[in-house]
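Note sheet for the following structure.
Protein chains: 2
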Amino acid sequence: MDWFFNTRVWQQMHGNPTGGETGVDNEIAEQGLAGLGTWILGRNIFGPVRGPWPDESWKGWWGDEPPYHTPVFVLTHHARPPLRMAGTEFRFVTGGIKAALQQAREAAGERDIRLGGGVATIRQYLGAGLIDELHLAVRPVLLGAGEALLAGMNLPALGYESFKHVAGERAMHVFLRKRD
Amino acid sequence: MDWFFNTRVWQQMHGNPTGGETGVDNEIAEQGLAGLGTWILGRNIFGPVRGPWPDESWKGWWGDEPPYHTPVFVLTHHARPPLRMAGTEFRFVTGGIKAALQQAREAAGERDIRLGGGVATIRQYLGAGLIDELHLAVRPVLLGAGEALLAGMNLPALGYESFKHVAGERAMHVFLRKRD
């Protein structure tokens with residue numbers, strides 16, 4: 000994520016209005032955040048708590064003002080009441096990816112829905128052909144092990160094509176979309 | 000391979016001295032071909048024949064003058080006498096990757112040895128920690144299925160690091176090397 004952490008956009012989202020760099024990476028980060036009506040997140044993006052929620056004390060990684068400023072639908076197997084924070088409301092969805100998408104569509108109206116990860120969540124939506132456009136920021140870092148985003152995923156068979164790639168300062172940005 | 004087929008270097012190698020494009024991709028292609036003393040190829044890069052060689056009629060994909068112009072060691076389970084072509088001699092090695100590397104070292108002297116693929120061959124050498132430097136040309140093309148070059152390969156544990164990446168016209172060039 001180093002390509003993103005160094006952008007002006009990210010720095011502004013985190014209280015540093017003049018920090019960060021402008022350029023291609025920053026422009027692409029900006030475009031990815033424009034026009035959003037809502038987000039969908041896997042539970043592990045929301046937090047490290049596993050299994051049933053022991054209480055409601057975990058309120059995300061982001062402090063009192065999360066950076067979303069929209070409704071955010073969190074996929075989980077364990078019900079929890081909505082969590083209202085400054086500018087952002089987290090709503091917990093136990094009905095699976097299609098239920099979350101349906102609720103997100105209603106909340107977003109004409110605006111876009113952004114899927115904020117993690118890997119398992121993106122693989123589920125992609126495998127179901129429910130992602131219209133996918134932005135991959137390819138940055139060469141050797142992790143050794145981990146989840147493989149596209150392993151075993153036959154993207155052409157799922158109807159996807161790669162329609163654009165742009166060299167940024169720290170990453171290559173690849174855009175996939177579903178063919179009509 | 001589209002990034003390579005459009006370079007001046009590749010066009011020159013194939014009898015078109017003024018065709019192709021100059022630029023970053025072309026420079027990187029040139030650097031990768033400079034100072035080579037020999038090549039190692041997996042058998043499927045040499046040709047489509049499987050199992051024992053029925054005869055010696057298959058002489059590679061490249062016509063009478065292959066583009067290597069060095070000795071080329073071809074990994075195979077099936078012995079075959081050396082094949083002399085204009086500027087290139089193919090030598091067939093049945094003793095495995097280490098035997099081929101040893102013979103390639105003797106042939107190359109102070110010059111470099113280039114591993115020309117395919118995927119299974121590179122995975123064998125990489126898994127054995129025998130590659131000093133690896134150039135990956137990352138170009139977004141959705142293939143659907145195929146061999147995965149780095150799947151399940153713990154590169155940091157094998158001693159590799161990513162030390163450079165360069166945006167070319169058609170690909171991002173990533174360079175890995177073995178730490179000292």
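One line per chain: the protein sequences are U and S, in this order.
Going by numbering that gives the first Met the number 0, 18 is the number at position 19 of the first sequence; the sequence numbering is gapless.
Going by numbering that gives the first Met the number 0, 115 is the number at position 116 of the second sequence; the sequence numbering is gapless.
By construction, the Cβ of each residue, glycine as well, lies at the ideal position given by its N, Cα and C atoms.
Sequence-distant residues of its chain with Cβ nearer than 7 Å to ALA78 of chain U (five each side left out): As a first step, residue 78 of chain U must be located in the first sequence, where it is residue number 79. So the list reads PHE91 and THR93, once near-sequence residues are dropped.
Throw me the rounded Cβ distance for the GLU64 of chain S and GLY86 of chain S pair, which I believe falls under 8 Å. The residue given as residue 64 of chain S occupies position 65 in the second sequence. The residue given as residue 86 of chain S occupies position 87 in the second sequence. About 6 Å separates the two Cβ atoms, so the contact holds.
List the whole-angstrom C-beta distance separating TRP2 of chain S from ARG176 of chain S, where the pair is believed to meet the contact cut-off of C-beta under 8 Å. On the second sequence, position 3 is the one that residue 2 of chain S refers to. On the second sequence, position 177 is the one that residue 176 of chain S refers to. Contact flag wrong, Cβ pair sits at about 21 Å.
Evaluate ASP54 of chain S with the Cβ neighbour count: other Cβ atoms within 10 Å of its Cβ, from every protein chain shown; 16 or more gives buried, anything less gives exposed. Residue numbering aside, residue 54 of chain S sits at position 55 when the second sequence is read from its first letter. When all chains shown are included, ASP54 of chain S counts as exposed.
Under a CB-based cut-off of 8 Å, is SER161 of chain S close to chain U? Your numbering for residue 161 of chain S matches position 162 in the second sequence. Yes, SER161 of chain S counts as interfacial toward chain U.
is_contact[HIS164 of chain S, chain U] using C-beta, thresh 8 Å: The residue you call residue 164 of chain S lines up with position 165 of the second sequence. Answer yes: the Cβ-Cβ gap between HIS164 of chain S and chain U drops below 8 Å somewhere.
So if I threshold CB-CB distances at 8 Å, which residues from the stretch 142-154 of chain S count as touching chain U? LEU142, GLY143, ALA144, ALA147, ALA150, ASN153 and LEU154
Give the C-beta separation of LEU32 of chain S and VAL8 of chain S to the nearest angstrom, bearing in mind that I take them to be a contact with Cβ-Cβ under 8 Å. In the second sequence, the residue the question calls residue 32 of chain S occupies position 33. In the second sequence, the residue the question calls residue 8 of chain S occupies position 9. Going by Cβ atoms, the distance from LEU32 of chain S to VAL8 of chain S rounds to 7 Å, so yes, they are a contact pair.
Please state whether the Cβ-Cβ distance between VAL118 of chain S and GLU146 of chain S is less than 8 Å. Within the second sequence, residue 118 of chain S is the residue found at index 119, counting from 1. Within the second sequence, residue 146 of chain S is the residue found at index 147, counting from 1. Against a cut-off of 8 Å, the Cβ pair of GLU146 of chain S and VAL118 of chain S comes out as a contact.
How close, in whole Å, do the beta carbons of GLY19 of chain S and ASN25 of chain S come, if the pair is a contact with beta carbons under 8 Å? Taking the first residue of the second sequence as 1, we reach residue 19 of chain S at position 20. Taking the first residue of the second sequence as 1, we reach residue 25 of chain S at position 26. GLY19 of chain S to ASN25 of chain S, Cβ: 7 Å. Contact.
Would you give the residue range spanned by the alpha helix (DSSP H) that GLY167 of chain U belongs to? Counted from its first residue, the first sequence places residue 167 of chain U at position 168. Counting along the chain, GLY167 of chain U falls outside any alpha helix (DSSP H), and DSSP gives it neither H nor E.
In the DSSP output, which residue or residues are listed as bridge partners for GLY41 of chain S? Taking the second sequence and counting its residues from 1, one reaches residue 41 of chain S at position 42. According to DSSP, GLY41 of chain S bridges with S:LEU74.
Can you give, in chain order, each stretch of the beta strand (DSSP E) that sits fully within the stretch 108-147 of chain S and has at least 3 residues? 111-114 and 132-137
To which residues of the same chain is PRO51 of chain S closer than 7 Å at the C-beta, ignoring the five residues directly before and after it? On the second sequence, residue 51 of chain S is found 52 positions in, with the first residue counted as 1. Excluding residues within five positions, the ones whose Cβ falls inside 7 Å are HIS77.
Spatially closest choice to GLY95 of chain S from S:ALA106, S:ALA144 and S:PHE72, by CA coordinates: Taking the first residue of the second sequence as 1, we reach residue 95 of chain S at position 96. Comparing Cα-Cα distances from GLY95 of chain S to each of S:ALA106, S:ALA144 and S:PHE72, the minimum goes to S:PHE72.
Who are the near neighbours of ASP131 of chain S in its chain, counting only those whose CB is closer than 6 Å to its CB and skipping five residues on each side? Translated into positions along the second sequence, residue 131 of chain S becomes position 132. Contacts found: LYS177.
Note down the Cα distance separating LEU82 of chain S from VAL48 of chain S, rounded to an integer number of angstroms. Within the second sequence, the letter at position 83 stands for residue 82 of chain S. Within the second sequence, the letter at position 49 stands for residue 48 of chain S. Roughly 15 Å separates the two Cα atoms.
Amino acids of chain S, ordered along the chain, whose beta-carbon sits closer than 7 Å to that of MET171 of chain U: Here residue 171 of chain U corresponds to residue number 172 of the first sequence, with the count starting at 1. Simply VAL137, ALA166 and MET171.
Provide the residue span of the beta strand (DSSP E) that contains VAL48 of chain U, from first to last. Here residue 48 of chain U corresponds to residue number 49 of the first sequence, with the count starting at 1. Per DSSP, VAL48 of chain U belongs to no beta strand (DSSP E) and is neither H nor E.
For VAL140 of chain S, go through chain U and note every residue whose CB falls closer than 7 Å to its CB, in chain order. Here residue 140 of chain S is taken as the residue at index 141 of the second sequence, counted from 1. SER161, listed in chain order.
Going by DSSP, which residues form a beta bridge with GLU88 of chain U? Residue 88 of chain U sits at position 89 when you count from the first residue of the first sequence. DSSP lists U:PRO70 and U:ARG83 as partners of GLU88 of chain U.
Cβ of ALA156 of chain U less than 8 Å from any chain S Cβ? Numbered from its first residue, the first sequence carries residue 156 of chain U at position 157. So yes, ALA156 of chain U belongs to the interface.
Closest to TRP61 of chain U by C-alpha separation, out of U:GLY151, U:LEU149, U:HIS13 and U:LEU125, would be which residue? Position 62 of the first sequence, counted from the first residue, corresponds to residue 61 of chain U. Among U:GLY151, U:LEU149, U:HIS13 and U:LEU125, the Cα nearest to that of TRP61 of chain U belongs to U:HIS13.
Through-space distance from ALA103 of chain S to GLY41 of chain U, alpha-carbon basis: For the purposes of this step, residue 41 of chain U is taken as residue 42 along the first sequence, with counting starting at 1. For the purposes of this step, residue 103 of chain S is taken as residue 104 along the second sequence, with counting starting at 1. If you take the alpha carbons of GLY41 of chain U and ALA103 of chain S, they lie about 50 Å apart.
Within the continuous alpha helix (DSSP H) that includes ARG7 of chain S, where are the two ends? Indexing the second sequence from 1 puts residue 7 of chain S at position 8. Where ARG7 of chain S is concerned, the enclosing alpha helix (DSSP H) stretches over 7-12.
Neighbour-count burial assignment, PRO70 of chain U, 16 or more Cβ in a 10 Å radius: Walking along the first sequence from the start, residue 70 of chain U turns up at place 71. Classification for PRO70 of chain U: buried.
Distance CB(ALA106 of chain S)-CB(THR37 of chain S) smaller than 8 Å: Numbered from 1 along the second sequence, position 107 holds the residue referred to as residue 106 of chain S. Numbered from 1 along the second sequence, position 38 holds the residue referred to as residue 37 of chain S. Cβ distance < 8 Å, so ALA106 of chain S and THR37 of chain S count as in contact.
SER56 of chain U bridges to which residues according to DSSP? On the first sequence, residue 56 of chain U is found 57 positions in, with the first residue counted as 1. Paired residues: none, contrary to the question.
Could you tell me the distance, in whole angstroms, from the CA atom of LEU74 of chain S to the CA atom of ALA28 of chain S? Counting from 1 along the second sequence, the entry for residue 74 of chain S is found at position 75. Counting from 1 along the second sequence, the entry for residue 28 of chain S is found at position 29. Each residue's Cα considered, the two are about 24 Å apart.
Should TYR159 of chain U and LEU141 of chain S be called a contact, given that it needs their Cβ atoms to be closer than 8 Å? In the first sequence, residue 159 of chain U corresponds to position 160, counting from 1. In the second sequence, residue 141 of chain S corresponds to position 142, counting from 1. Yes, Cβ-Cβ distance for TYR159 of chain U and LEU141 of chain S is below 8 Å.
Helix, strand or coil: how does DSSP classify ARG104 of chain U here? Reading the first sequence from its first residue, position 105 is the one you call residue 104 of chain U. Note: ARG104 of chain U maps to helix in three-state DSSP.
Would you decide whether THR120 of chain U is buried or exposed? Buried here means 16 or more other CB atoms lie within 10 Å of its CB. Residue numbering aside, residue 120 of chain U sits at position 121 when the first sequence is read from its first letter. Buried, because 16 or more other Cβ atoms sit within 10 Å of the Cβ of THR120 of chain U.
Assuming ASN252 of chain S contacts ALA150 of chain U (C-beta within less than 8 Å), just tell me the rounded distance between them. What the structure shows of chain S is the stretch from 0 to 179, and residue 252 of chain S is not part of that stretch, so it cannot be assessed.
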